[in-house]
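Sequential numbering of the sequence shown, starting at -15, is according to my numbering.
For reference, the structure is listed below as structure tokens.
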Amino acid sequence: MRHGDFWRNYNPADRRLKSQLTFLHVTKELSTDFDIPSFNRQSLLETGEFIRHLSPACYNLDLVLPVNRRSYIETELRMAAVATIGERFSETHWLHMYTDGSAAGANRNASAGVYSRYFSLSRAVGANCTNYDGEVAAVHMTLTEVGKGDERSIAIFIDSQAAILAISSVRPSRNGPVLDCQRIINSLINNGRM
């Protein structure tokens, strides 16, 4: 069985041991037993909802040309990045979207920006937000715009490895904006957009 097939058909267990139910199972059971209304609270996370998003959407953290990042020349690194983009994501077949987030002193007054051939967006993220928050907000802005169009082959270029790994994680995030990104990706895939 392929790795993707396993996660597509994955069903979370109800028990950890014969005598020990999982937290999610007990919580659902109590909600039902005590008829707790769910209209005013966030729904419980279903693991399978997020696992599926990885198969059609993928990420790359490497370059097509060998570059020693410890002793690199900036021009060499840029050439390797341009070669990687051209080889993997030709502009004739892919819509390119570039994201960036930044913060003053890395931890305050964060902002986010997105650029593509169709639009350019930017916004303030928050006074106490970090570079990471800005990067995730930029990805969220990008995914929101992607949802409005009808493009199918989209390459989103993100310069934050932490944001890439958080958003593409098989586990639902506890970080609200990352969780929103995961949900949007899942929705795009379910609608045949990726």
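From the three backbone atoms N, C-alpha and C, an ideal C-beta is built for every residue, glycine too.
Which of helix, strand or coil DSSP assigns to ALA96: For the purposes of this step, residue 96 is taken as the residue at position 112 of the sequence shown. Judged by DSSP in its simplified three-state form, ALA96 adopts strand.
8 Å CB neighbourhood of LEU49 in its chain, flanking five on each side removed: In the sequence shown, residue 49 corresponds to position 65, counting from 1. Closer than 8 Å at the Cβ level, and outside the excluded window around LEU49, lie MET63, ALA64, ALA67, THR68.
Which of helix, strand or coil DSSP assigns to TYR116: The residue labelled residue 116 in the question sits at position 132 within the sequence shown. Helix at TYR116.
ILE35 to THR16 span [Cα, whole Å]: Position 51 of the sequence shown holds residue 35. Position 32 of the sequence shown holds residue 16. Its pLDDT being 47, under 50, ILE35 is placed unreliably by the model, and nothing is read from it.
Boundaries (first-last residue) of the beta strand (DSSP E) holding SER104: Locating residue 104 in the sequence shown gives position 120, counting from the first residue. Annotation: the continuous beta strand (DSSP E) that includes SER104 extends over 104 to 110.
Minimum C-alpha distance to ALA146 - residue among LEU45, PHE18, GLN4: By 1-based counting over the sequence shown, the position of residue 146 is 162. Nearest neighbour of ALA146 by Cα position, chosen from LEU45, PHE18, GLN4, turns out to be LEU45.
Rounded Cβ spacing between SER100 and SER86 (contact assumed at less than 8 Å): Here residue 100 is taken as the residue at index 116 of the sequence shown, counted from 1. Here residue 86 is taken as the residue at index 102 of the sequence shown, counted from 1. About 19 Å; that fails the 8 Å criterion.
Alpha carbon of GLU30 to alpha carbon of ALA122, nearest angstrom: Within the sequence shown, the letter at position 46 stands for residue 30. Within the sequence shown, the letter at position 138 stands for residue 122. Its pLDDT being 43, under 50, GLU30 is placed unreliably in this model, and the coordinates cannot settle the point.
Assigned secondary structure, HIS77 (DSSP; H/G/I helix, E/B strand, else coil): On the sequence shown, position 93 is the one that residue 77 refers to. Reduced to three states, the DSSP call for HIS77 is coil.
Three-pair Cβ contact test at 8 Å for the stretch 72 to 85 versus the stretch 54 to 62: No, the stretch 72 to 85 does not touch the stretch 54 to 62.
For ILE151, the three-state DSSP class (helix, strand or coil): To locate residue 151, count along the sequence shown from 1; it is residue 167. When DSSP states are grouped into helix, strand and coil, ILE151 belongs to the helix group.
For GLU13 and MET125, the rounded distance between their alpha carbons: As a position in the sequence shown, residue 125 is number 141, starting the count at 1. As a position in the sequence shown, residue 13 is number 29, starting the count at 1. Rounded to the nearest whole angstrom, the C-alpha separation of MET125 and GLU13 is 37 Å.
Per DSSP, cross-strand counterpart(s) of GLY70: Within the sequence shown, the letter at position 86 stands for residue 70. Residue pairing for GLY70: DSSP places it in no beta bridge.
Residue range of the unbroken beta strand (DSSP E) whose run includes ILE57: Along the sequence shown, one-based indexing puts residue 57 at 73. Note, ILE57: premise wrong, no beta strand (DSSP E); not H, not E.
Cβ shell of ARG92 (< 7 Å), same chain only, five flanking positions each side left out: For the purposes of this step, residue 92 is taken as the residue at position 108 of the sequence shown. Taking C-beta separations shorter than 7 Å and ignoring five residues to either side along the sequence, the partners of ARG92 in its chain run ALA111, ASN112, following chain order.
Identified DSSP bridge partners for THR83: By 1-based counting over the sequence shown, the position of residue 83 is 99. Within the DSSP secondary-structure output, THR83 pairs in a beta bridge with VAL98.
ALA139 (DSSP reduced to helix, strand or coil): Numbered from 1 along the sequence shown, position 155 holds the residue referred to as residue 139. If DSSP states are grouped into helix, strand and coil, ALA139 belongs with the strands.
For ILE173 and GLY32, the rounded distance between their alpha carbons: Here residue 32 is taken as the residue at index 48 of the sequence shown, counted from 1. Here residue 173 is taken as the residue at index 189 of the sequence shown, counted from 1. For GLY32, the pLDDT reaches just 41, beneath the cut-off of 50, and the residue's location in the model is therefore unreliable, although a value from the coordinates is still provided. For GLY32 and ILE173, the distance between alpha carbons rounds to 14 Å.
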